[in-house]
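The structure under discussion appears below in the form of structure tokens.
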Amino acid sequence: MVTPMVLRSLLAALALALAAATPVSPATPVAPVAFHRTEQGRTEQGRTEQRWAEQRWAEQRRAEPGDVKWYRVRPSFDGEEEYLYEIAERFLGDGDRHDEIFQLNKGRVQADGESLTVPDEIESGWVLQLPDDATGPGVEVGPLPTAPPSVSAAPLASPPAVGAAPEAAADEDSGLLLPLLGGGILVLAGGALLAFLLVRRRRVPPPTPPAFIPRQRTGPPPLRPLDPAAAWTVDRALRVLVTSAEAAGRPVPPVLGVTIDDSWVSLRLSAPDEQPFAPWEARSQGRVWIAPLRGLQALPADPATGTPCPRLVTLGTAAGTRELLDLGRAPGPIAVRGDTTAARALLAAWAVELTNSPWSAGVRVVAGGLRPEIEDEPRVVSAETPAAALAEILGPAPDPVAEPDDTEPGTAEPDTAEPGLADGWLGVLILSALPDRLPELPDGWTVVVLGRARQDGWQITVGPDGTVDTGRLGISIHAAP
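In terms of UniProt numbering, the sequence shown opens at residue 1 and continues consecutively.
Now the structure itself:
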């Protein structure tokens, strides 16, 4: 590609050649001193700009952190688009940790001028810093790669050699004719060369733009019913709460619900407490505690500790805010009513969340009359009817026809009845309808009913558009997809 600097250099060389070919008096030789001074000034300017760029690059490198682990996003991996959940699963062994990668790279400008600002999209070619324990093919160790600024010195045309003055000719006309012919030939050759270069410059096709690379998901595949990033963040916030309470010698507050967005976590308490411990702050007369996510991430969380609300489920999301409710805090049966199709879908999502969330270890779900929305899964039993679901918990009902007792006095007959789920489990019983008489369940079980229930519990209404209204609990939000 012919740059303006190259054209100026060619024109300067042509002008000097014409000056050399012009007849001059032997007493006035051409002195190239001014030309050399101009080129020397350009050279010094180019060197100054290069030194300035190198200094800026060195300062930028000094500002960058030390050696870290990083990965360059590919257009695809194993034939599929790359996303943060898959990258975390491949290099950290747990896709639920992809929010750690997002937090490490949020807001950092990439080579294409864009940056990761929301946990929704990444692009091929971006460099992602990884946690220190990342391992696997493709993980690099060192400073995050950044292309240094490049200032290239303009090409300098070498000064043409100044030929000696033509020797005196015997004939004055012939002495003038030769320089004129030489000058004319140089003018024609220079003009032809300049025209060729200009035409060639116009014919050079513009650079091909890079192929469009569609933005890629950072979350898990769309068929996955849970949001791993939100689940991981909520679980860690709850474990930090328990760890901080133990360190402060304080009881863990009774968490009724959790509200989380990209920056904050709010805890709804079932009993007010106006004396929170750091980093929590009290709101609404102590019924709400709030804390920044950044502050919680800097605090320790004991992975062996339990969570204060293992039966936490998602009510829905709106504008990046997720609302969760602890079913275990209900004072009685929970009635989920409204649009039947939407309500059954919400109950099915709860069954999955209750048995797959990181905070719900040990929770069992027994459903009755809710097939095919709820099927048998690990820690999920789906019975044909509500009565059969109750039998899964309490064991089979005794035979109403009692046989005569032939055992001798003082001897005990072995217990051959099939037992139900033992006491000590935390569980949720989900029924398509409430039986006429609900027997007393073991401690640790919560009842959720599709339709109406007794008025001593919660009433949750689901609209056909997915809206969830908790009534007197004061939460109304769109159901999570």
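Heads up, the beta-carbon is just placed ideally off N, CA and C, and yes, glycines get one too.
Because the structure is a prediction, the values reported are computed rather than measured.
Between residue i and residue j, which are expected to be in contact by the criterion C-beta below 8 Å, what is the C-beta distance as a whole number of angstroms?
{"i": "Asp262", "j": "Gly320", "result": "6 Å"}
{"i": "Val265", "j": "Leu299", "result": "About 12 Å; that fails the 8 Å criterion."}
{"i": "Gly463", "j": "Gly338", "result": "6 Å"}
{"i": "Val428", "j": "Val363", "result": "7 Å"}
{"i": "Pro386", "j": "Ala433", "result": "6 Å"}
{"i": "Val141", "j": "Tyr71", "result": "No, Val141 and Tyr71 are not in contact; Cβ-Cβ is about 11 Å, not under 8 Å."}
{"i": "Ile101", "j": "Leu128", "result": "6 Å"}
{"i": "Val365", "j": "Ala351", "result": "5 Å"}
{"i": "Val234", "j": "Gly306", "result": "So it is not a contact: roughly 14 Å between Cβ atoms."}
{"i": "Val381", "j": "Asp326", "result": "With a Cβ gap of about 22 Å, Val381 and Asp326 do not count as contacting."}
{"i": "Leu354", "j": "Arg311", "result": "6 Å"}
{"i": "Ile122", "j": "Tyr83", "result": "7 Å"}
What is the DSSP secondary structure of residue i, counted as helix, strand or coil?
{"i": "Ala230", "result": "helix"}
{"i": "Ala278", "result": "coil"}
{"i": "Pro386", "result": "helix"}
{"i": "Gly257", "result": "strand"}
{"i": "Asp96", "result": "helix"}
{"i": "Glu82", "result": "coil"}
{"i": "Leu370", "result": "coil"}
{"i": "Asp436", "result": "coil"}
{"i": "Ile101", "result": "helix"}
{"i": "Glu114", "result": "coil"}
{"i": "Glu123", "result": "coil"}
{"i": "Leu144", "result": "coil"}
{"i": "Glu375", "result": "coil"}
{"i": "Gly395", "result": "coil"}
{"i": "Ile460", "result": "strand"}
{"i": "Asp465", "result": "coil"}
{"i": "Ser263", "result": "coil"}
{"i": "Thr446", "result": "strand"}
{"i": "Ile477", "result": "strand"}
{"i": "Pro428", "result": "According to the sequence displayed, residue 428 carries Val and not Pro. It is a strand residue."}
{"i": "Val139", "result": "coil"}
{"i": "Leu441", "result": "coil"}
Answer with buried or exposed for residue i, where buried requires no fewer than 16 other C-beta atoms within 10 angstroms of its C-beta.
{"i": "Val109", "result": "exposed"}
{"i": "Arg74", "result": "exposed"}
{"i": "Thr117", "result": "exposed"}
{"i": "Thr341", "result": "exposed"}
{"i": "residue 539", "result": "Only positions 1 to 481 of the chain appear in this structure, which leaves residue 539 out of reach."}
{"i": "Pro333", "result": "buried"}
{"i": "Glu440", "result": "exposed"}
{"i": "Ala291", "result": "buried"}
{"i": "Ile477", "result": "buried"}
{"i": "Ser284", "result": "exposed"}
{"i": "Gly107", "result": "exposed"}
{"i": "Asp465", "result": "exposed"}
{"i": "Pro331", "result": "exposed"}
{"i": "Gln40", "result": "Caution is warranted here: a pLDDT of 47 is assigned to Gln40, below 50, making its placement in the model unreliable, and the coordinate value is therefore given only provisionally. Per the 10 Å Cβ criterion, exposed."}
{"i": "Pro308", "result": "buried"}
{"i": "Ala349", "result": "buried"}
{"i": "Glu274", "result": "exposed"}
{"i": "Arg97", "result": "buried"}
{"i": "Gly368", "result": "buried"}
{"i": "Glu281", "result": "exposed"}
message: Counting beta carbon pairs with one atom in the stretch 375 to 386 and one in the stretch 247 to 255, are three or more of them shorter than 8 Å?
response: no
message: Across the stretch 468 to 477 and the stretch 423 to 436, are there enough close Cβ pairs to call them in contact, namely three or more that are closer than 8 Å?
response: no
message: I want to know whether the stretch 227 to 246 touches the stretch 358 to 365 - three or more CB-CB distances under 8 Å.
response: Cβ pair count under 8 Å is three or more, so yes.
query: What are the complete alpha helix (DSSP H) segments, minimum 4 residues, inside the stretch 285 to 359?
result: Taking only runs of at least 4 residues, the alpha helix (DSSP H) segments lying wholly in the stretch 285 to 359 are 293 to 297 and 340 to 356.
field: Sufficient close CB pairs (3 or more, under 8 Å) joining the stretch 90 to 98 to the stretch 133 to 142
entry: yes
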